[in-house]
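Number of protein chains: 2
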Amino acid sequence: MKNDRILLDHGSGGMLANRLIADVMLPCFDNPMLSRLDDGACFDVPAGRLAFSTDSYVVDPIFFPGGSIGDLAVNGTVNDIAMCGAVPLYLSAGFIIEEGFLLADLEAILKSMARAAQKAGVKIVTGDTKVVPRGAADKIFINTAGVGQIPAGVSVSGSNAQPGDKIILSGTIGDHGVTILSQREGLAFDAPVQSDSAPLNHLVHRMFESSRDIHTFRDPTRGGVATALNEIAARSDVGIRIRESAIPVKKSVAALCHILGLDPLFVANEGKLLAFVAHQHAEAALAAARQDPFGGDACIIGEVVSLHPGKVVMETAIGGERIVNMLTGEQLPRIC
Amino acid sequence: MKNDRILLDHGSGGMLANRLIADVMLPCFDNPMLSRLDDGACFDVPAGRLAFSTDSYVVDPIFFPGGSIGDLAVNGTVNDIAMCGAVPLYLSAGFIIEEGFLLADLEAILKSMARAAQKAGVKIVTGDTKVVPRGAADKIFINTAGVGQIPAGVSVSGSNAQPGDKIILSGTIGDHGVTILSQREGLAFDAPVQSDSAPLNHLVHRMFESSRDIHTFRDPTRGGVATALNEIAARSDVGIRIRESAIPVKKSVAALCHILGLDPLFVANEGKLLAFVAHQHAEAALAAARQDPFGGDACIIGEVVSLHPGKVVMETAIGGERIVNMLTGEQLPRIC
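From first to last, the protein sequence lines stand for chains P and G.
Note that the first sequence covers residues 1 to 336 in the working numbering.
Note that the second sequence covers residues 337 to 672 in the working numbering.
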């Protein structure tokens, strides 16, 4: 077993595919919806609004400090649904596996997905496995899609930010991106860094309990905080002002960024959110965020203004001002 | 433009990724839910039962007679949802693209997805694009997931087949699999074959209009009719008897299978379904199927029995009997 490898037959839809599902996948994700093994999962929903999202994960390496491609795939889609203001409920999982991949690695990934799903309180209810010949894919790619329920009265969107809103950032930035890069480049550092991969749905729930007057949630993944803020400024047609000194960056992450010539504002996060909150509720939302295990370092990093619509301006640490653009160019391929 | 290629930057989440979405993707799939470009799509549903399904598509070649990886990805998930008895509504699309992929090919694929979505009456409402370095994936992989609504009173499952049920097959078998194989091997034939890639949701709807007493739908994709029937026999704990002479196979497909040593019973279909119908409604369901553009060749190929539970037995064309097993081994990798 220890050295067993994935064969093309595991993706055939035939006997070996059925065994992989029965012996390896179902024990990890066991739930009645999945166990029926129909072409899809079926579940009841009350009348209301749903959120639906998807992401594919191609991160390299597939195991890294703080996580793996498995929990990243679960947390990423949980977070995308949560950023719609929804309570994530059900996930699908689609695997594309390279022939020869170690079965033990697949099991480790599946287990990390199951643990992440349990932490987030979601169920993986349907899936698909394809195996491609050696060389046609690098190790393993995972797609997850998910559906969640939007509570009555909630309406958040990247288009809803309003002048006066305070911008809450839930914690330190750059952790995930520099972790992947340091692993990939084989860099060793005194101060180890680790991915912040985490489910943010409970944090969103807490913040909503403090106030429904939250206009926008966004998790700054690829492209980092700078890109997410630019997208919101453009879609809401507002200006955004942030203060560099207010943005928390771990010392180890800052050092690594400095050495590598990266700006942490553009580095990917996998367990952080930006929330745009009506100013009179900002302190309450901030206090609520800080109660959450994934919001302990939350802080207000800036606000929305009616000046310079579509632009993000940063007061630098030394008192100047500069425009922060969207990421141009790929800092780092296969970051998530 | 004609020779423009996908760059790593197109998957960065930054400027070029935003342009790819705005200039190439939105014009293809334009709808208000997608255009909001939030982390997910939001839509209203009435109280009731939903079906949720996913599949990844890794077919090689990506363009083939009768279709492309694009319409295959839409039709495949539309069909999986339809096989749950549901009306497909919304699809997600996740792209994993190899650096250097021709932008013109991507556009052709996106257009084929848009056409397929329109034919099926579904909307592509959310998506994701990752670009991996050259050699880390072969050309393009597409994942689709989808949700659909199960009409009140409908309950179909691979576990619901009952002794006495008649088994309807909606048309000829093996068309998709032999098309892909002949393309890949560069085989030329007098009688050209083409994929049967098609949406089956309207066919399912017609059959339901004739009778709600349909217990099981299944589209025999990877593993073919033989594998699908074996799965149903096992999950419903019933025996299945089919007649070889009743199973329609195009002459060109049969000839190709003969030359290549393939049994069409095990070859993939992408536009066919199996329906298990209470015997007193079978003729009505068959007549309804034949009214549909994708059910013209529908026929009854056998029935469910209480003998030999879990086994599929075929009366051969020369009057004998043999057990039909699930596909063992991969006939053909990257068939869908």
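We put the CB at the ideal spot given by N, CA and C, even for glycine.
All values reported here derive from a predicted model rather than from experimental measurement.
| Check | Outcome |
| --- | --- |
| Which partner residues of asparagine 143 of chain P appear in the DSSP bridge assignment? | P/Ser56, P/Gly94 |
| With glycine 148 of chain P and valine 204 of chain P assumed to form a contact (beta carbons below 8 Å), what rounded beta-carbon distance in angstroms separates them? | About 10 Å separates the two Cβ atoms, so there is no contact after all. |
| Taking CB distances under 8 Å as the criterion, tell me whether alanine 382 of chain P reaches chain G. | Look at the range of chain P in this structure, 1 to 336, and you will see that residue 382 of chain P is not part of it. |
| Kindly identify the DSSP beta-bridge partner or partners of arginine 36 of chain P. | Bridge partners of arginine 36 of chain P: none, in fact. |
| Please tell me whether arginine 206 of chain P has its Cβ less than 8 Å away from any Cβ of chain G. | no |
| Going along the segment 50–71 of chain P in order, which residues come within less than 9 Å of chain G, judged by CB to CB distance? | Leu50, Ala51, Phe52, Ser53, Thr54, Asp55, Ser56, Tyr57, Val58, Asp60 |
| Report the three-state DSSP secondary structure of histidine 308 of chain P (helix, strand or coil). | coil |
| What residues of chain P sit near proline 469 of chain G, judged by a beta carbon separation below 8 Å? | Pro333, Arg334 |
| Under the DSSP definition of a beta bridge, which residues are partnered with glutamine 149 of chain P? | P/Leu50, P/Val87 |
| Going along chain P in order, which residues have a C-beta closer than 8 Å to the C-beta of proline 382 of chain G? | Ala47 |
| Check whether the segment 350–361 of chain G touches the segment 132–149 of chain P, taking contact to mean three or more Cβ pairs, one atom from each stretch, closer than 8 Å. | no |
| Where DSSP assigns a beta bridge to glutamate 321 of chain P, which residues make up the other side? | P/Glu315 |
| Using 10 angstroms around the beta-carbon of serine 245 of chain P, count the other beta-carbons present and answer buried if the total reaches 16, otherwise exposed. | exposed |
| What residues of chain G sit near valine 125 of chain P, judged by a beta carbon separation below 8 Å? | Phe388 |
| With a cut-off of 8 Å, does the C-beta of arginine 355 of chain G fall near any C-beta of chain P? | no |
| Where does glycine 121 of chain P fall in DSSP's three states? | coil |
| Could you check the C-alpha separation between aspartate 105 of chain P and isoleucine 21 of chain P for me, to the nearest Å? | 15 Å |
| Quick check: the Cα distance between leucine 598 of chain G and valine 225 of chain P, rounded to an integer number of angstroms? | 54 Å |
| Can you find the residues in the same chain that come closer than 6 Å, C-beta to C-beta, to asparagine 230 of chain P, ignoring five residues on each side of it along the sequence? | Val312, Met326 |
| Check whether the segment 533–549 of chain G touches the segment 490–506 of chain G, taking contact to mean three or more Cβ pairs, one atom from each stretch, closer than 8 Å. | yes |
| Am I right that isoleucine 335 of chain P and leucine 169 of chain P are in contact with their C-beta atoms under 8 Å? What's the rounded C-beta distance? | Between leucine 169 of chain P and isoleucine 335 of chain P the Cβ distance is about 19 Å, and since that is not below 8 Å, they are no contact. |
| Taking the C-alpha atoms as reference points, what is the distance between phenylalanine 43 of chain P and phenylalanine 388 of chain G? | 8 Å |
| How about isoleucine 583 of chain G and isoleucine 659 of chain G: are their beta carbons less than 8 Å apart? | no |
| Along the segment 434–454 of chain G, what residues have a CB closer than 7 Å to any CB found in chain A? | No chain A appears in the structure shown, which is made up of the protein chains P and G. |
| According to a CB-to-CB cut-off of less than 9 Å, which residues of the segment 308–332 of chain P neighbour chain G? | Asn325, Met326, Leu327, Thr328, Gly329, Glu330, Gln331, Leu332 |
| Just mark histidine 594 of chain G as buried or exposed, buried being the case when its beta carbon has 16 or more other beta carbons within 10 Å. | exposed |
| Could you give the C-beta distance for aspartate 465 of chain G and leucine 370 of chain G, rounded to a whole number, given that I count them as a contact under 8 Å? | The residue you asked about is not aspartate; residue 465 of chain G is threonine in the sequence shown. Not really, about 13 Å apart at Cβ, beyond 8 Å. |
| Would you mind sorting glycine 223 of chain P into buried or exposed? The rule is 16 or more other CB atoms within 10 Å of its CB. | buried |
| Between tyrosine 90 of chain P and alanine 47 of chain P, how many whole angstroms is the CB-CB distance? I'm expecting something under 8 Å. | With a Cβ gap of about 17 Å, tyrosine 90 of chain P and alanine 47 of chain P do not count as contacting. |
| At what residues does the alpha helix (DSSP H) containing glycine 76 of chain P begin and finish? | 69–82 |
| Does chain G have any CB closer than 8 Å to the CB of cysteine 351 of chain P? | The requested residue 351 of chain P is not part of the displayed model; chain P covers only 1 to 336. |
| Compute the distance between the beta-carbons of phenylalanine 612 of chain G and isoleucine 503 of chain G, then report whether it is under 8 Å. | yes |
| Quick one: residues in its chain with C-beta nearer than 8 Å to the C-beta of alanine 114 of chain P, no 5 flanking neighbours on either side, listed in chain order? | Cys28, Phe29, Ile124 |
| How would you list, in chain order, the residues of chain P whose beta-carbon sits under 9 Å from the beta-carbon of cysteine 420 of chain G? | Asp38, Asp39, Gly40, Ala41, Cys42 |
| Since lysine 166 of chain P is in the beta strand (DSSP E), which residue starts that stretch and which ends it? | 166–169 |
| Taking threonine 227 of chain P as the query, report the chain G residues whose CB atoms sit under 7 Å from its CB, ordered along the chain. | Gly349, Gly350 |
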